[in-house]
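Just so we're aligned, residue 15 is where the sequence shown starts under this note's numbering, counting upward by one.
For every residue, glycine included, the Cβ atom is placed at its ideal position computed from N, Cα and C.
Being a predicted model, the structure only gives us computed values, none of them experimental.
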Amino acid sequence: MNIPPALLAMLKNYLPDFVDKALLHDLIASLVLIGLLLLLRSSARHAILRREDLHPDVKRRWLITLRNSVLLLLLIGLALIWANEIEAVAVSMVAIAAAIVIANKELIMCMLGSIYRTSTHAYQAGDRIELRGLKGQVLDTSLLSTTLLESSHAGSSKGTVGRTITIPNSVLLTEPVFNETKLGSYVIHTIHVALPRDADWEKGETVLLDAANLLVATYQEDLERHRRDIEQSFALESPSLTPRVRLTLDDHETITLHLQMPVALGDRSRTEQEILRHFLRETSTTQTRCTEK
């Protein structure tokens, strides 16, 4: 749109020095465009209202179409007039946004992990979970991290337990979460006992089952209530709650007995120790090797 030089010179005398010629040109062009569109809209509106042969509903639809069309023309016109300025601002904003994202990538991923945890109900405070090989009870959840109380079970490779573990929520986006309390307060716990091939494995199986059945009998009523709750709340068939032993031949020298039994989450370590002590008292072998899964 061409602006008369005389008008540009006159306006420039009344504007600050930092207003350059290009900005002044775009500003005047925008004002002229707005004026022309307002004049066009007013003329068309009066022409529509003077039409006596049109139904009021038709007039209203035409007026709405006229208003929307003028608004669309205004937006397109302003975008064309200020295209260079809009491009410069957009490039600057993209660069700033990219710098912010790169500088705060880990924080953003932690926030996304928190949103993922909340939306999927993966776990909450009090649940016992396993994440990235770390097991424990959830003490606290925040926007950036999850705090666990380490499991009280000491494995053969570590002797320190009961520590708190802080895990960034960004791990949730790449690692699976195992929630042991999702289906209630009881889990199927497995105890592994390896015997030499020449040992009396049938006696070992009997000893393990007797010890497991004796312990399960002490909380049988709670266990049955737990089974009914699972079936009613999740429409799932609950796993077998009767202790059982599986045999595997992992190598040529040992026979491994796998005792599977329902155990309360907080009593897994104590229950396993009772089973193993009972097994060692009742068997005569001295070459027993025990591990927990």
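Identity of the residue in the options nearest residue i by Cα
i: H39; options: L294, L92 and N82; result: L92
i: V259; options: W215, K73, A117 and G147; result: W215
i: H206; options: G218, Y200 and S199; result: G218
i: E194; options: A213, V152, L157 and P182; result: V152
i: E288; options: S159, D224, G140 and I110; result: D224
i: P355; options: L47, A109 and Y137; result: Because the chain in this structure spans residues 15 to 307, residue 355 falls outside the shown range and cannot be described.
i: M275; options: L294, L237, A226 and R239; result: A226
i: Y130; options: G49, S83 and N183; result: N183
i: L158; options: R64, N118, R55 and E235; result: N118
i: Q234; options: A278, D212 and R177; result: A278
i: L121; options: L86, T79, L47 and L187; result: L187
i: R55; options: L86, S44, A36 and D67; result: L86
i: F293; options: D264, L228 and I244; result: L228
i: L51; options: G127, I90, A112 and T204; result: I90
Simplified DSSP assignment, three categories, for residue i
i: S170; result: Bear in mind that a pLDDT of 47 at S170, under 50, signals an unreliable position, so the model cannot answer this.
i: T132; result: helix
i: S159; result: strand
i: P190; result: coil
i: E120; result: helix
i: Y200; result: strand
i: R138; result: A quick correction: the sequence has Gln, not Arg, at residue 138. Coil.
i: R65; result: coil
i: A213; result: coil
i: V84; result: helix
i: R291; result: helix
i: T178; result: strand
i: G232; result: The sequence shown places Thr at residue 232, not Gly. In the structure shown, T232 sits in a helix (DSSP, three-state: H, G or I).
Whole-angstrom C-beta distance between residue j and residue i, which should lie under 8 Å
i: E296; j: V221; result: 4 Å
i: R142; j: V185; result: The Cβ separation is near 17 Å, so there is no contact.
i: L271; j: L209; result: 7 Å
With 16 other Cβ atoms within 10 Å as the buried cut-off, status of residue i
i: H135; result: exposed
i: A97; result: exposed
i: F192; result: exposed
i: L53; result: exposed
i: E238; result: exposed
i: S156; result: exposed
i: P70; result: exposed
i: G140; result: exposed
i: T285; result: buried
i: G280; result: exposed
Bridge-paired residues (DSSP) for residue i
i: E164; result: G150
i: I143; result: G150 and N193
i: R241; result: Looking at the DSSP assignment, R241 forms no beta bridge with any residue, so it has no partner.
i: L261; result: L271
i: P70; result: Partner(s): none; P70 has no beta bridge.
i: A58; result: Its beta-bridge partners do not exist; DSSP assigns none.
i: A93; result: DSSP lists no partner for A93.
i: A225; result: A225 pairs with nothing; no bridge assigned.
i: V277; result: V201
Chain D within 7 Å of residue i, Cβ atoms only
i: I110; result: Among the chains in the structure shown there is no chain D, since it carries only a single protein chain.
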